[in-house]
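Asks: Quick one: this structure, given as structure tokens, is what I'll be asking you about.
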Amino acid sequence: DVKVTQSSRYLVKRTGEKVFLECVQDMDHENMFWYRQDPGLGLRLIYFSYDVKMKEKGDIPEGYSVSREKKERFSLILESASTNQTSMYLCASSFRDSPGDEQFFGPGTRLTVL
Amino acid sequence: AQSVTQLGSHVSVSEGALVLLRCNYSSSVPPYLFWYVQYPNQGLQLLLKYTTGATLVKGINGFEAEFKKSETSFHLTKPSAHMSDAAEYFCAVSPGYSSASKIIFGSGTRLSIRP
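Order-wise, the sequence lines are chains A and B. Here the first sequence is numbered in our numbering, starting from 135 and rising by one per residue. Here the second sequence is numbered in our numbering, starting from 2 and rising by one per residue.
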């Protein structure tokens, strides 16, 4: 079974702090994704990566950056956390860049910024 | 541009009753369609997907969905609801020519099951 793990289930940070969210997948997937999930808005894509050191902006990249130094690991970085970044963050991965491919999701990190 | 509309943010049915969750999509090209489920405090998992071929797609846990091109719909059904079906359900679309990175998710429908 594909396993996608996220470093924390719950995180509480203060405004202005730098925040790192880590995601690891164990199935040698090429694509990795970061979404945020908010009530009534579904999932919105922040960034994705289709290869090591490659990244592309999604629909809402402002205030976020990402890093992919190794194939299995994809990090989301909030350079200076703000209260409007309080949300559920979901990481996903998929095998290849093909439209019918399923995305496999981690359990999510619920981030609260005070 | 692709989009997905899920009708009803919250659906409540009795245990044993039919489950019907509605999804309409917009796509200028033949789409790939998905239903994902999210149980409380968990990530999303795939219920079923339509790529090509048979328009009635069967998924896990007794769910199925039918792709109706003329109605641009991909409604999810289950004949008899079980308490364990309580979760949030997301319909999603991916254009047939582009990458998996372009999956667009609907806003979700929360399914509650009454005893």
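Where is the CB? At the ideal position from N, CA and C, for every residue including glycine.
Determine the direct distance from the alpha carbon of tyrosine 90(B) to that of lysine 59(B), and round the result to whole angstroms.
Replies: Indexing the second sequence from 1 puts residue 59(B) at position 58. Indexing the second sequence from 1 puts residue 90(B) at position 89. Near 16 Å, if we compare the C-alpha coordinates of tyrosine 90(B) and lysine 59(B).
Asks: Using 8 Å as the threshold, is the segment 215-232 of chain A in touch with the segment 16-29 of chain B, meaning 3 or more CB pairs across them?
Replies: Because the criterion of three Cβ pairs below 8 Å is not met, the segment 215-232 of chain A and the segment 16-29 of chain B do not touch.
Asks: Could you check what DSSP says for glycine 63(B) in three-state terms: helix, strand or coil?
Replies: Translated into positions along the second sequence, residue 63(B) becomes position 62. Helix, per DSSP.
Asks: Just to confirm the assignment, what range does the beta strand (DSSP E) spanning isoleucine 104(B) have?
Replies: Locating residue 104(B) in the second sequence gives position 103, counting from the first residue. Isoleucine 104(B) -> no beta strand (DSSP E), and no H or E assigned at all.
Asks: Can you name the residues of chain A whose CB is closer than 7 Å to the CB of glycine 9(B)?
Replies: In the second sequence, counting from the first residue as 1, residue 9(B) sits at position 8. Within chain A, no residue comes near glycine 9(B); the closest Cβ sits about 12 Å away, beyond 7 Å.
Asks: Applying a beta-carbon distance threshold of less than 9 Å, which residues of chain B neighbour glutamate 206(A)?
Replies: As a working note, residue 206(A) is residue 72 in the first sequence. Near glutamate 206(A) there are no residues of chain B at all, since even the closest Cβ is about 17 Å away, more than 9 Å.
Asks: Does DSSP put aspartate 235(A) in a helix, a strand or coil?
Replies: Residue mapping note: residue 235(A) aligns to position 101 of the first sequence, counting from 1. Here aspartate 235(A) sits in coil by DSSP.
Asks: Report the rounded CA-to-CA distance for serine 29(B) versus lysine 70(B), giving the unit in angstroms.
Replies: Residue numbering aside, residue 29(B) sits at position 28 when the second sequence is read from its first letter. Residue numbering aside, residue 70(B) sits at position 69 when the second sequence is read from its first letter. Rounded to whole angstroms, serine 29(B) to lysine 70(B) spans 12 Å at the Cα level.
Asks: Start and end of the beta strand (DSSP E) containing valine 186(A)?
Replies: Translated into positions along the first sequence, residue 186(A) becomes position 52. Looking at the DSSP string, valine 186(A) is not in any beta strand (DSSP E), and its letter there is neither H nor E.
Asks: In the DSSP output, which residue or residues are listed as bridge partners for isoleucine 211(A)?
Replies: Here the question's residue 211(A) lines up with position 77 in the first sequence. Per DSSP, Phe154(A) and Ser199(A).
Asks: Between the alpha carbons of glutamate 65(B) and aspartate 160(A), how many angstroms are there, rounded?
Replies: The sequence position of residue 65(B) within the second sequence is 64, counting from 1. The sequence position of residue 160(A) within the first sequence is 26, counting from 1. If you take the alpha carbons of glutamate 65(B) and aspartate 160(A), they lie about 29 Å apart.
Asks: Kindly indicate if chain A contains any beta-carbon less than 8 Å away from that of threonine 73(B).
Replies: Translated into the one-based positions of the second sequence, residue 73(B) becomes position 72. Chain A, which has no Cβ nearer than 8 Å to the Cβ of threonine 73(B), makes this no.
Asks: Could you name the residues that DSSP lists as bridge partners for isoleucine 194(A)?
Replies: As a first step, residue 194(A) must be located in the first sequence, where it is residue number 60. Looking at the DSSP assignment, isoleucine 194(A) forms no beta bridge with any residue, so it has no partner.
Asks: If you compare alpha carbons, which of Leu112(B), Ser95(B) and Asn42(B) is closest to phenylalanine 106(B)?
Replies: As a working note, residue 106(B) is residue 105 in the second sequence. The shortest Cα separation from phenylalanine 106(B) among Leu112(B), Ser95(B) and Asn42(B) belongs to Ser95(B).
Asks: Residues in its own chain within less than 6 Å of glutamate 156(A) by CB, not counting five upstream and five downstream?
Replies: Locating residue 156(A) in the first sequence gives position 22, counting from the first residue. Result list for glutamate 156(A): Ser141 and Ser209, in chain order.
Asks: Identify, in the order they occur along the chain, each residue of the same chain with its Cβ nearer than 7 Å to the Cβ of threonine 52(B), setting aside the five sequence neighbours on each side.
Replies: As a working note, residue 52(B) is residue 51 in the second sequence. For threonine 52(B), where only same-chain residues beyond five positions count, the Cβ hits under 7 Å are Tyr33.
Asks: Taking Cβ-Cβ distances shorter than 9 Å, what residues in chain E pair up with phenylalanine 91(B)?
Replies: Included in the structure are the protein chains A and B, with no chain E among them.
Asks: For glutamate 156(A), which residues in chain B fall below 9 Å Cβ to Cβ?
Replies: As a working note, residue 156(A) is residue 22 in the first sequence. Neighbours of glutamate 156(A) on chain B: none; closest Cβ ~15 Å, over 9 Å.
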